[in-house]
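Chemist:
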Ligand code: G3P
């Protein structure tokens, strides 16, 4: 499973990219608002850091406007994927943009039907929001599994991105389901890399190594005395 970062923060993107694990980035208007800077210049910078798709969301509501905004967003960099909320207008715009060779990430997907329609419209990516389904007492991971199964029955290129990830178990389950990609907030990514036994193991190795150096020093001193 490929890992995307769900963030519009340049410092988080730089840090995650430096780990050598990053295959893409997703942003949305809420994440952009947190950064308090010009969104398009931030996205351009992210595109220069990441060797993979960077999703930038269109905020227009009609198909004609979404297409125009999508073309503008796609002009920011070669690796832009235009994020478009699912719906009749978004699907119509997705068909036009994907026919022009522009990658679309269909977002705010909560059902298998929405995912099927996104794939039919030519979306390169479909993003089920698992955390928000959990929030309303629905089985987000179950819905994700159904979407992965349904699209996997056909020879289509649409890739599934597990989105709205809230904790490391979401990532593990998404991988076990066989999801193509998980887009992970930086706080979750940091939790994924940590394990107390790793910290304990490193501390143990270091103290044993230091003890060995002290012992070797003693042996050297004894030999010099002889
Ligand atoms: O990728 C979608 C994600 O940004 C939404 O996450 O936590 O706002 O549901 P959340």
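In my numbering, the protein residues as written are -5 to 220.
For glycine and all other residues, C-beta sits at the position ideal for the given N, C-alpha and C.
Between residue 57 and the rest of its own chain, which residues show a CB-CB distance below 6 Å, the 5 nearest in sequence each way excluded?
Modeler: Here residue 57 is taken as the residue at index 63 of the chain shown, counted from 1. 83, 86 and 87, listed in sequence order.
Chemist: Could you name the residues that DSSP lists as bridge partners for residue 74?
Modeler: In the chain shown, the residue the question calls residue 74 occupies position 80. Note: residue 74 sits in a beta bridge opposite 48.
Chemist: I'd like to check one pair, residue 185 with residue 162: are the Cβ atoms closer than 7 Å?
Modeler: Indexing the chain shown from 1 puts residue 162 at position 168. Indexing the chain shown from 1 puts residue 185 at position 191. Yes, the pair counts as a contact, with Cβ atoms nearer than the cut-off.
Chemist: With C-beta atoms as the reference, is residue 11 less than 7 Å away from residue 41?
Modeler: The count along the chain shown starts at 1 and reaches residue 11 at position 17. The count along the chain shown starts at 1 and reaches residue 41 at position 47. No; because the gap between Cβ atoms is not below 7 Å, this pair is not in contact.
Chemist: Have a look at the DSSP bridge pairing and note the partners of residue 176.
Modeler: Taking the first residue of the chain shown as 1, we reach residue 176 at position 182. -3 and 156.
Chemist: Please report the residue range of the beta strand (DSSP E) in which residue 119 lies.
Modeler: Walking along the chain shown from the start, residue 119 turns up at place 125. Start and end: 119 to 122.
Chemist: Distance, Cα to Cα, residue 107 vs residue 137?
Modeler: Position 113 of the chain shown, counted from the start, is the residue given in the question as residue 107. Position 143 of the chain shown, counted from the start, is the residue given in the question as residue 137. Taking the straight line joining both Cα atoms gives about 11 Å.
Chemist: Mapping the DSSP letters down to three states, classify residue 132 as helix, strand or coil.
Modeler: Mapped onto the chain shown, residue 132 falls at position 138. Coil, per DSSP.
Chemist: Using three-state DSSP, classify residue 206 as helix, strand or coil.
Modeler: Residue mapping note: residue 206 aligns to position 212 of the chain shown, counting from 1. The answer is helix: DSSP assigns residue 206 an H, G or I state.
Chemist: From which residue to which residue does the beta strand (DSSP E) around residue 151 run?
Modeler: What you label residue 151 is simply residue 157 of the chain shown in a count that begins at 1. Unbroken run through residue 151: none, as it is neither H nor E.
Chemist: Is any heavy atom in the ligand G3P found nearer than 6 Å to the beta carbon of residue 50?
Modeler: Within the chain shown, numbered from 1, the residue matching residue 50 stands at position 56. Not so, every heavy atom of the ligand G3P lies at least 6 Å from the Cβ.
Chemist: Does the beta-carbon of residue 156, which I'm using as the reference point, lie nearer than 6 Å to any heavy atom of the ligand G3P?
Modeler: Position 162 of the chain shown, counting from 1, holds the residue named residue 156. No, the ligand G3P has no heavy atom inside 6 Å of this Cβ.
Chemist: Would you check if the distance between the CB atom of residue 154 and the CB atom of residue 140 is smaller than 7 Å?
Modeler: As a first step, residue 154 must be located in the chain shown, where it is residue number 160. As a first step, residue 140 must be located in the chain shown, where it is residue number 146. Their beta carbons are not under 7 Å apart, which means residue 154 does not touch residue 140 by this criterion.
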